[in-house]
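Number of protein chains: 2
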Amino acid sequence: MDEKLAKGHYDLMVLDVMMPGEDGLSICKRLSAEKRLPIIMLTALGQDQDRIVGLEIGADDYLPKPFNPRELLARIKAVLRRAPEEMSEAGALSGRILRFGGLALDTDAHVITDRDGNRVQLTTADFRLLTVLLARPRTVLSREQLLDLTAGRAAGPLDRTIDNQISRLRRKIETDALRPTLITTVRSHGYSLNADVEVIA
Amino acid sequence: MDEKLAKGHYDLMVLDVMMPGEDGLSICKRLSAEKRLPIIMLTALGQDQDRIVGLEIGADDYLPKPFNPRELLARIKAVLRRAPEEMSEAGALSGRILRFGGLALDTDAHVITDRDGNRVQLTTADFRLLTVLLARPRTVLSREQLLDLTAGRAAGPLDRTIDNQISRLRRKIETDALRPTLITTVRSHGYSLNADVEVIA
DNA sequence: GGGTGCCTGATACAAAGCGCTACAATCGCG
DNA sequence: CGCGATTGTAGCGCTTTGTATCAGGCACCC
Numbered sequence: 001m002d003e004k005l006a007k008g009h010y011d012l013m014v015l016d017v018m019m020p021g022e023d024g025l026s027i028c029k030r031l032s033a034e035k036r037l038p039i040i041m042l043t044a045l046g047q048d049q050d051r052i053v054g055l056e057i058g059a060d061d062y063l064p065k066p067f068n069p070r071e072l073l074a075r076i077k078a079v080l081r082r083a084p085e086e087m088s089e090a091g092a093l094s095g096r097i098l099r100f101g102g103l104a105l106d107t108d109a110h111v112i113t114d115r116d117g118n119r120v121q122l123t124t125a126d127f128r129l130l131t132v133l134l135a136r137p138r139t140v141l142s143r144e145q146l147l148d149l150t151a152g153r154a155a156g157p158l159d160r161t162i163d164n165q166i167s168r169l170r171r172k173i174e175t176d177a178l179r180p181t182l183i184t185t186v187r188s189h190g191y192s193l194n195a196d197v198e199v200i201a
Numbered sequence: 001m002d003e004k005l006a007k008g009h010y011d012l013m014v015l016d017v018m019m020p021g022e023d024g025l026s027i028c029k030r031l032s033a034e035k036r037l038p039i040i041m042l043t044a045l046g047q048d049q050d051r052i053v054g055l056e057i058g059a060d061d062y063l064p065k066p067f068n069p070r071e072l073l074a075r076i077k078a079v080l081r082r083a084p085e086e087m088s089e090a091g092a093l094s095g096r097i098l099r100f101g102g103l104a105l106d107t108d109a110h111v112i113t114d115r116d117g118n119r120v121q122l123t124t125a126d127f128r129l130l131t132v133l134l135a136r137p138r139t140v141l142s143r144e145q146l147l148d149l150t151a152g153r154a155a156g157p158l159d160r161t162i163d164n165q166i167s168r169l170r171r172k173i174e175t176d177a178l179r180p181t182l183i184t185t186v187r188s189h190g191y192s193l194n195a196d197v198e199v200i201a
């Protein structure tokens, strides 16, 4: 599945939960975090709790078995109706250069260039954090989410990792690091990138 | 309902089907044709057929009664998650400059600029409160509403949080904080923003 | 017109959140 | 195996924010 997803383009995924190997919920969590692929969960687990968990994890809809094929079809259409066309590729920042807030990020060289032509080298951590933010502009992301998306791990109770990395990233890309405008803090929620992102080439 | 819809901004509608007067399905059909307002149908009609019809008519989701409140909440969140940004209130105001009462609010930098060019930095709480007010100019909002909209929580019996935040916000944006003109107090009801709001760029 | 009670504005304070620095652990690279 | 760069952890201190409290103002009543 991962191979196919990486290669081709898909509009929507219908996902079972109980499967050998990786769990459907796990897949859903993984995908909804990194991609913007609409997901409909379709499973024998029909309890309220199962549905709630499925939806909270990032599924767009949840249909318990046994189901009416026509209902599945109707729900697929309903989900697709809401999904904007660009959404399928909005998260995939496959372009080489990304423009945002007066800066340009070279996704190959991991280099930021500002309007004056100054170049700053990003470390791998900088780059991953920035990429995650760029994939969801103008969206508040919690430290938990950011840590999961950048490092793939859960946050400890006193985890200040993301704060630190944000601080380091700001020093590299903000014009005035004391009053950041690109990456703003949303107190007790997380951080958000305040700029429109444009993919070039 | 139509009056309210025409006047204010709404992120999502939860709609019953069997109501006196106009039918829920009819409303749904009407709205999904003209507006792009996400709709969740919530009704006692739980047959496959009913669900399919509801979804095909334009509903984004369909939840039969009796329902688990947490599931409704999860489905609301799921629908909002995939709703395009411009439809939500935060999205409608993001990345813009808002003019009101001689001031300009930069919604990216969270900075207020007055006619003389003086700049004031808003805190997150300031900004959220102001944003909520700007979204509903010349409307009286109760403390309860404001607290719900800004912090998403309910007010305790002796909750003076909003009073305090209004006070702090006034100090930053009112020319004469002792006699406020922009944010006026409506005794025993709440507060209201007294200015027309103009969205720029 | 003056008292009375409720409502609001402002201040003070405590707690929580966050930015930043310093340092240790880890990684990458030869 | 060693060195430098990078990254996670700890902790200090400032800012922000919720709560308590007091004082002033408005409405209402007589």
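First to last, the sequence lines map onto chains R and P.
Anchor point for the first sequence: position 42 equals 42 in full-length UniProt numbering, and the numbering is continuous, going up by one each time.
Anchor point for the second sequence: position 61 equals 61 in full-length UniProt numbering, and the numbering is continuous, going up by one each time.
Note that the Cβ used here is the ideal one computed from N, Cα and C, for glycine as well.
Just so we're clear, the structure is a prediction, and the values are computed from it rather than from any experiment.
How close, in whole Å, do the beta carbons of residue i and residue j come, if the pair is a contact with beta carbons under 8 Å?
i      : j      : result
P/L31  : R/A74  : The pair is not a contact, with the Cβ atoms about 18 Å apart (cut-off 8 Å).
P/F100 : P/E198 : 7 Å
P/S192 : P/L141 : 7 Å
Comparing the CB of residue i with every heavy atom of the ligand PLP, is any distance shorter than 8 Å?
i     : result
R/E71 : Absence of the ligand PLP from the depicted structure is noted, as is the absence of any ligand whatsoever, leaving it without description.
Can you check which of these residues, the options, is closest to residue i by C-alpha distance?
i      : options                          : result
P/K77  : P/I162, P/A201, P/I40 and P/L178 : P/I40
P/D50  : P/V17, P/L80 and P/A33           : P/V17
R/I173 : R/A104, R/E144 and R/V199        : R/A104
R/P38  : R/D48, R/Q47 and R/Y62           : R/Y62
P/D48  : R/S26, R/G46, R/P69 and R/L12    : R/P69
P/V14  : P/K7, P/A6 and P/M1              : P/M1
P/T124 : R/P157, R/V186, R/L12 and R/I27  : R/V186
P/D60  : P/E71, P/R115, P/S26 and P/L12   : P/L12
R/G190 : R/K29, R/Q145 and R/D114         : R/Q145
P/G102 : P/S94, P/G95, P/L93 and P/I112   : P/I112
P/E71  : R/V79, R/V53 and R/A83           : R/V53
R/G58  : R/T175, R/K29, R/V79 and R/V120  : R/K29
P/D9   : P/I27, P/L93, P/R143 and P/A154  : Before going on, a small fix: residue 9 of chain P reads as His here, not Asp. Minimum Cα distance to P/H9 is reached at P/L93.
R/D116 : R/S26, R/T175 and R/V79          : R/T175
P/G46  : P/F67, P/G156 and P/I27          : P/F67
Can you list, in chain order, the residues of its chain whose CB lies under 7 Å from that of residue i, leaving out five sequence neighbours each side?
i      : result
R/N194 : R138, T181, L182 and T184
R/A155 : R143, E144 and L147
Whose C-beta lies closer than 6 Å to the C-beta of residue i among residues of the same chain, with five residues either side of it excluded?
i      : result
P/H110 : L122 and F127
P/A44  : K65
P/R119 : V111 and T113
For residue i, I'd like the list of residues in its chain whose CB is within less than 8 Å of its CB, leaving aside the five on either flank, ordered along the chain.
i      : result
R/R81  : none
R/L98  : A104, L105, T107, L134, V197, E198, V199 and I200
R/A177 : R170 and R171
R/R96  : D106, T107, D108, I200 and A201
P/D159 : R143 and L147
Can you give me the start and stop residues for the alpha helix (DSSP H) that residue i sits inside?
i      : result
P/A78  : P69 to R82
R/L98  : Where R/L98 is concerned, there is no enclosing alpha helix (DSSP H), although the beta strand (DSSP E) it sits in stretches over I97 to F100.
R/T131 : T124 to A135
P/T113 : Where P/T113 is concerned, there is no enclosing alpha helix (DSSP H), although the beta strand (DSSP E) it sits in stretches over V111 to T113.
R/D2   : D2 to K7
P/V140 : No alpha helix (DSSP H) contains P/V140, which DSSP labels as neither H nor E.
What residue range does the beta strand (DSSP E) around residue i cover?
i      : result
P/S188 : From DSSP, P/S188 is part of no beta strand (DSSP E); its letter is neither H nor E.
R/D159 : Careful: R/D159 lies outside any beta strand (DSSP E) and carries neither H nor E.
P/D61  : D61 to P64
R/Q121 : R119 to Q121
P/V14  : M13 to L15
R/D176 : From DSSP, R/D176 is part of no beta strand (DSSP E); its letter is neither H nor E.
R/E22  : Unbroken run through R/E22: none, as it is neither H nor E.
P/L42  : I39 to T43
Meets three-Cβ-pair contact criterion under 8 Å: the segment 18 to 28 of chain P and the segment 161 to 174 of chain R: no
Inter-stretch contact (C-beta, 8 Å, three-pair minimum) for the segment 148 to 157 of chain R and the segment 124 to 137 of chain R: yes
Given 8 Å, three or more beta-carbon pairs between the segment 113 to 130 of chain R and the segment 167 to 183 of chain R: yes
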